[in-house]
Each structure stands twice: as structure tokens, then as C-alpha cells.
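A.B. asks: Residue numbers (this note's numbering): 602 to 763.
By construction, the Cβ of each residue, glycine as well, lies at the ideal position given by its N, Cα and C atoms.
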């Protein structure tokens with residue numbers, strides 16, 4: 602389901618997996634409100650809890666957000682494919698399907714986005730410099746954040762967030 606929201610106030614980035622990256626980008630403040638790592642059930646609960654919060658002028662939070670889920674099913678390049686990596690990829694693809702079904706069923710605006718070569722797997726130091734986020738992050742949380750960073754604003758990709 603491609604969102605019908607023209608310019609949402611919030612973008613939520615999801616990096617599926619056993620350790621799910623979760624990030625909330627506010628387009629008005631041009632800052633992250635949250636970047637964390639959760640289990641899939643905790644991430645789903647956090648998303649549904651946040652949708653239930655009232656925002657002045659909105660009947661439903663769904664009117665002002667877009668969830669972007671990194672869709673491993675769209676990945677066409679592969680690195681070293683050991684047996685463990687292949688099994689892990691299958692698990693992540695299953696998680697992508699779970700997210701897609703959950704978001705569709707709950708009528709939450711979303712897009713399943715192609716994994717972005719070069720915009721994931723950043724180390725903590727580069728991530729802090731690029732985004733301005735100074736709190737501790739995991740690789741999964743940083744990947745989720747990079748999916749949504751700068752969306753809805755005029756930040757140049759690769760530019761300074763400050």
C-alpha cells in the first residue's frame with residue numbers, strides 16, 4: 602500500500618530482523634525523535650501505541666505519517682553467502698512479509714523500500730557526524746534512521762544535518 606499522504610510530519614524507518622531498527626524522523630523540526638533497536642513485537646507495539654496518541658488537528662495519527670520498511674525481498678546483490686547468512690536472509694524476508702501484512706491490515710501508510718547500498722552499515726562515529734544524533738545506536742537502529750533521514754526536508758544527501 603503506497604501512502605496517500607503528500608508530506609507527512611513523521612517518517613518511521615524500520616530495518617526488519619531479529620533486532621529491528623526503529624527510527625522516527627520529524628519533518629518539521631528536521632530531527633530524529635527516536636532511534637532504537639527492538640524485537641519485532643516491541644516495534645509493532647511501539648508503532649501502534651504512537652498511532653494512538655492524539656495530535657492537535659488530527660483525527661488519527663495515520664493522517665500524518667509514513668512508515669518506510671527496508672524490504673530485503675528487493676535486494677539483488679549479495680556478499681559472502683555462508684549458510685548462516687542465507688538462513689538469516691530468509692528470516693528477514695519473512696519479517697518483511699509480517700510488516701507488510703501488519704501495516705496493510707491496520708491501514709497504516711507505508712512503503713516497502715529497496716535496500717540502499719551505501720546508505721546503510723555506517724559506523725557510530727560517521728552516523729553522529731552526518732545526522733547530529735549523539736545518543737548510542739546499534740547498526741540496526743542506524744540503518745532504520747538512514748532510511749528516513751532528511752525526508753520531507755531539503756537536506757542534501759551526504760550533507761550536514763545541523
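Among residues of its own chain, excluding the 5 on either side of residue 649, which ones have a beta-carbon nearer than 8 Å to its beta-carbon?
C.D. replies: Position 48 of the chain shown, counting from 1, holds the residue named residue 649. Counting only Cβ-Cβ distances below 8 Å, and skipping sequence neighbours, we find 707.
A.B. asks: Using only the alpha-carbon positions, how far apart do residue 733 and residue 668 sit?
C.D. replies: What you label residue 733 is simply residue 132 of the chain shown in a count that begins at 1. What you label residue 668 is simply residue 67 of the chain shown in a count that begins at 1. Using only the alpha carbons, I get a separation of about 22 Å.
A.B. asks: Kindly identify the DSSP beta-bridge partner or partners of residue 614.
C.D. replies: Sequence index remark: in the chain shown, residue 614 carries index 13 (1-based). In the DSSP output, where bridge partners are listed per residue, residue 614 has 624, 669.
A.B. asks: What is the DSSP secondary structure of residue 768, reduced to helix, strand or coil?
C.D. replies: Residue coverage of the chain in this structure runs from 602 to 763, which leaves residue 768 outside it and unanswerable.
A.B. asks: From this set, 627, 739, 621, 634, which residue's C-alpha is nearest residue 609's C-alpha?
C.D. replies: Numbered from its first residue, the chain shown carries residue 609 at position 8. Ranking 627, 739, 621, 634 by Cα distance to residue 609 puts 627 first.
A.B. asks: Going by CA-CA distance only, name the one from 642, 631, 611, 634 that's closest to residue 619.
C.D. replies: Your numbering for residue 619 matches position 18 in the chain shown. Measuring from the Cα of residue 619, the nearest candidate turns out to be 642.
A.B. asks: Among 633, 625, 731, 673, which has the Cα closest to the Cα of residue 713?
C.D. replies: Position 112 of the chain shown holds residue 713. Nearest option by C-alpha distance: 673.
A.B. asks: Our contact map puts residue 623 next to residue 647 with C-beta atoms below 8 Å; I'd like the distance itself, whole angstroms only.
C.D. replies: Counted from its first residue, the chain shown places residue 623 at position 22. Counted from its first residue, the chain shown places residue 647 at position 46. With 8 Å as the limit, residue 623 and residue 647 qualify as a contact, their Cβ atoms being about 6 Å apart.
A.B. asks: Name, in chain order, the residues that DSSP records as bridge partners for residue 639.
C.D. replies: Locating residue 639 in the chain shown gives position 38, counting from the first residue. Answer is 621.
A.B. asks: Among 747, 728, 710, which one has its Cα closest to the Cα of residue 665?
C.D. replies: Mapped onto the chain shown, residue 665 falls at position 64. The shortest C-alpha separation from residue 665 is found at 710.
A.B. asks: Count the other CB atoms within 10 Å of the CB of residue 621; is the residue buried (16 or more) or exposed (fewer)?
C.D. replies: For this step, residue 621 is matched to residue 20 along the chain shown. Buried, by the Cβ-count rule.
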